[in-house]
Amino acid sequence: MTDAPLTTVTNAARLLKAFRAQEATLGVSELARRLDLGKSAVHRLLTTLAAEGLIEQDPHTGGYRLGVVMIELGEAVKVHLDLHAAAGPVLAHLRDETGETCQVGVLDGVDVVYVDRLESAHSLRLFTETGRRVPAHATSSGKVLLAHLPEAEREERIAGPFPQLTPHTLVTADALRAELAAVRARGWAEAVHEREIGVVSIAAPVRDRYGEVVAALSIGAPTARFGAAARRRHARSLVEAGEAISRRLGWTPEREGRGA
């Protein structure tokens, strides 16, 4: 019983991989032959995947091909691969310059997911593994990413209320709205004791070639080592590092100024 769902997922994955071939479309019979599955099982898989936009049926031939959602997923993978390649050297330089943990995060719903990270060399440091998901409203990275969303989308995501992780966490839409306006005006964000007591971070935007903010670059450290003076001192380097990654992704300030 417990293996059945996993078998279905495996077969769905195998079916999607079958479309890596160069044929314009594939029919149920051909897919059944390639996957060594019954036609009824293949048809059920295709129906489910088509409902999710991963597969679509050609109305003229009746065959199946990959859907638009698969193109969107492929573009998302490409963005993350490009981001990793662009951020790597800059992330290493920033970590060496500041001596603190540096990371790159992207927005997923109302969470931040860290996709790249280099740890501080200090014995007392943060331990947040790559791939970890954290609430956007309580992190400097999340504030940067929320602040630069289109207004309608931003308002939808900050409707709240949000979980109060510490006594310092912003939990209402009004409080977060004011904070995000300050982030846009200042060019970088900070979070002090907001996700965890004793932890502080600052973050700056990373833009793609169109000027859209696609990620946030952040520095995190224990509060005892990263007070207000240290945060102000490192903020300029952080913003410059974010701009350096953005340039590696094709962004230029001149292009943004033209509204491109």
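The numbering of the sequence shown is my numbering, which starts it at 68 and goes up by one.
Positions of the beta carbon are idealized from the N, C-alpha and C atoms, including for glycine.
The structure displayed is predicted, hence computed values, not measured ones.
Check the Cα spacing between G166 and each of G254, R298, R199 and L237: the tightest is with R298. R184 sits in a strand when the DSSP states are folded into three classes. Partner residues in the beta bridge of S285, as assigned by DSSP, are Q170 and A270. E218: member of the alpha helix (DSSP H) spanning E218 to R224, first to last residue. Taking a contact to require three or more Cβ pairs closer than 8 Å, the region 117-136 and the region 245-263 do not qualify as touching.
The beta carbons of L212 and A308 sit about 16 Å from each other, so the pair does not count as a contact at 8 Å. A check of alpha carbon separations from A311 across H110, A159 and D103 identifies A159 as the nearest.
In the displayed model, I264 falls within coil according to three-state DSSP, outside both helix and strand. About 5 Å separates the beta carbons of R276 and W318, which is inside the 8 Å limit, making them a contact pair.
Contact between the region 85-92 and the region 106-120 is absent: fewer than 3 CB-CB pairs across the two stretches fall below 8 Å. Taken in chain order, the complete beta strand (DSSP E) segments of 3 residues or longer contained in the region 108-168 are 122-124 and 131-133. Rounded to whole angstroms, E222 and P320 show a C-alpha spacing of 27 Å. A Cβ-Cβ separation of about 7 Å places V136 in contact with E119 under the 8 Å criterion.
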